[in-house]
Each structure stands twice: as structure tokens, then as C-alpha cells.
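Novice: Take a look at this one; I'll ask things after.
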Amino acid sequence: MNTASGTLARRLATDPDSMERDLMKLVLTIVELLRQLMERTAVHRVDQGDLSEEERIGMTLMILQERMEELCRTYGLSMDDLNLDLGPLGSLLPRDGIGI
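Here our numbering is used: position 8 in the sequence shown is 37, and no number is missing along the way.
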């Protein structure tokens, strides 16, 4: 093995627990982004008088939020950990959870 591939192999050797946590963080980040988008869409439709099942959608979104928090606790993450820093673009998710 040459030096370059040896260095790459050492950088790729990671702790399986860390890899699982990082993968779960990415998955939960995507789910949280989609949850917030669904919530904004539902609120917009309620405001427009275009949503007939707002109670059921509201309950579903609340249950999803609770499950997200539970999964974060299971993997030692906070909801803030899911908010990826996009550098000059700012954070992926709104800091207050409102206004995507």
C-alpha cells in the first residue's frame, strides 16, 4: 500500500458507533426539514381556508415532532444538532423552528 492510500484508509477508519450516530443525524435532519415544510404548508392551507382535515394533520405533525425528539434522545442528539451550518448561507433550519 502506498503512502497516499494508507493515509486515506486511516481517515476512513471510523468508529462504528460514531458512524451510526452521524448517519442518524443526517437522516433526522432531512426528516426534520420535511416535517417543518409540511407544517408550514398545512398552516398556509389553513390560513387560505383550503384544508379540511386540519385537526388530523395537526395531530400527525405533533406525533412526528414527539417521535423526532425521542429519536434524538436515543442517539444523544438535540434538535439543534440537526441544524446544519451551511457557512455563508446560514443554517439549514430556522433557529426558532419557524419560517422556512
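Positions of the beta carbon are idealized from the N, C-alpha and C atoms, including for glycine.
Keep in mind that this is a model prediction, so the values were computed, not measured.
Would DSSP call D79 helix, strand or coil?
Specialist: D79: coil per DSSP, three-state reduction.
Novice: If we call anything under 8 angstroms between Cβ atoms a contact, is L57 one with L100?
Specialist: Yes; because the gap between Cβ atoms is below 8 angstroms, this pair is in contact.
Novice: Would a C-beta distance cut-off of 8 angstroms place R64 and L93 closer than the cut-off?
Specialist: A contact, by the Cβ cut-off of 8 angstroms.
Novice: Based on Cα-Cα distance, which residue from L90, D51 and M108 lies nearest to A71?
Specialist: If we check each option's Cα against that of A71, L90 comes out closest.
Novice: Please tell me whether M88 and E98 are closer than 8 angstroms, where the distance is taken between their beta carbons.
Specialist: Contact flag unset, no.
Novice: What does the alpha-carbon distance come out to for the pair D46 and R69?
Specialist: Each residue's alpha carbon lies about 34 angstroms from the other.
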